[in-house]
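Residue numbers (this note's numbering): 31 to 141. Don't be surprised by glycine CBs; every beta carbon is placed ideally from N, CA and C. Here the structure is a predicted model, which means the values were calculated and not measured.
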Amino acid sequence: MLHTKSLTLNKEFKRAYYRGQVFTSPVVVVYAVKNRQGVNRIGLTASKKIGKAVQRNRARRVMKEAYRLMEQQFPIGWDFVLVARTKTVYSRTGDVMKALDAARAHLFSKP
RNA sequence: AGAGCGAAUCGGACAGCGGCGGGGCAUCCGGAUAACGGAUUGCCGUGAGGAAAGUCCGGGCUUCACAGGGCGGGAUACCUGCUAACGGCAGGCCGGGGCGACCCGAGGGAAAGUGCAACAGAGAGAUACCGCCGCCGUUUCCAUACGGCGGUAAGGGUGGAAAGGCGGGGUAAGAGCCCACCGGGAUGCAGGUGACUGCAUUGCCAUGUAAACCCUAUCCGAAGCAACACCAACUGGGAUAAUACGGCGGCCCGCCGUGUCCCGAAAGGUGGCUUGAGCUGUGCGGCAACGCCCAGCCUAGAAAGAUCGUUGUCCAAGACAGAACCCGGCUUACAGAUUCCCUCUCUUG
RNA sequence: CGAGGUGUAGCGCAGUUGGUAGCGCGCUUGGUUUGGGACCAAGAUGCCGCGGGUUCGAAUCCUGUCACCUCGA
Numbered sequence: 031m032l033h034t035k036s037l038t039l040n041k042e043f044k045r046a047y048y049r050g051q052v053f054t055s056p057v058v059v060v061y062a063v064k065n066r067q068g069v070n071r072i073g074l075t076a077s078k079k080i081g082k083a084v085q086r087n088r089a090r091r092v093m094k095e096a097y098r099l100m101e102q103q104f105p106i107g108w109d110f111v112l113v114a115r116t117k118t119v120y121s122r123t124g125d126v127m128k129a130l131d132a133a134r135a136h137l138f139s140k141p
């Protein structure tokens, strides 16, 4: 990806959960918080609740591909955490892209 | 043709565009135009399973422990073989099921000992309730009835199980008391590596439970790749010591610091990490599991963790499901497709 | 990767040398009260997580499997 790293540390996830803005949709939940590193970082979460390994991998891939295709539309300098829900497993990438688009509009169009 | 039995294989296919992990080559950057390290890019090639799953067994590998042995604990349990090993597999034995192909079975020891067998029933390893029979007494012509003493285990009823089963002889009534057949035990002979089988003789015998304790035989040191090895920051400890240097000090001892060496050591780095009891094919040995020879092949190796998105075509419309040190099994889940061997029934020749 | 535990009535839990499955709360009915609560009496409620086995007989023993929970590295 062009200007995106992975989010790895547990405390960085927690920072997104506590300090970040939230957007919820049926297929994905988006947490967003500013970092000061000049790049974007993305964390993907698929808990054991949504299924076993096949379902969890599927949910991660769909979220990752949707973000990759829309990367240029997001501003730089943010951490994003995408949380998979049960419907993510049975969704197509286009559905998740629509949800991300709605999240971008909700989070960044406001002054 | 229909109905079945067993074994094996496969587990959507193809194409375009975009994207991801590892490797190779080139390119670029750093470095000494090196070794090596890194990544803005391009090309080539490669990239999940038959169960990758559950983690139920076994082994490799690594570290720790260990003279040798015992106790304790655990596992296994018909026989012979295969294997690195196994609780696995193959072939056989025995028992059970099916007309059959074939399938199923934790299948050592209850005569070493202990425990348990509720309720019911007279009685559960011992008995005599009802009953049957004999003798004596009373009643009486007899039969019968009642009482007492004894014999008996055929019949009744209870139970999962009642002292081998069934038939005949025998008897007062009965009883392996005797006999034939069947079952089981012991002994001998024959066959087989063996489990075991066949035959003969003897002879009628101690129910079940060991997935109750237990006995017998065999096997087992422990932990796990977050193992472990190497490099190593910060900080800490120790040694060198009858001193290599400096400081405190008049000097020695001593103390402190530096140097050298060692130890410990991170949320760090590298290795372990995939060439292996490997895969494919021919041949040979073996009923088979499997083994041997030769030839060819290289087939994921990540570290938040790679196989996807999208478009199109085809069909039978795609199930269960995602490697994390590696193998051999077991168990469990699974839409469907294909091939082969064999069995039964019917029809035709 | 490794270790352990739990599953029984609507809810919380007992019940293991194998022999008719129980307690508390809740529920239903009746009594008591002018009525309600409390109290008293009676009653209902279970494939003992699921499949298979051992046994005459299994919640209990063995085995397979499912779900949930906890712990260690």
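- Excluding its 5 nearest sequence neighbours in each direction, residue 99 has C-beta neighbours in its own chain below 7 angstroms: 127, listed in chain order.
- Residue pairing of residue 51 in beta bridges, as defined by DSSP: 62.
- The beta carbon of residue 117 is closer than 8 angstroms to those of 56 and 57 in its chain, skipping five residues each way along the sequence.
- For residue 88, the enclosing alpha helix (DSSP H) starts and ends at 83-99.
- Residue 87 has its alpha-carbon roughly 24 angstroms from the corresponding atom of residue 102.
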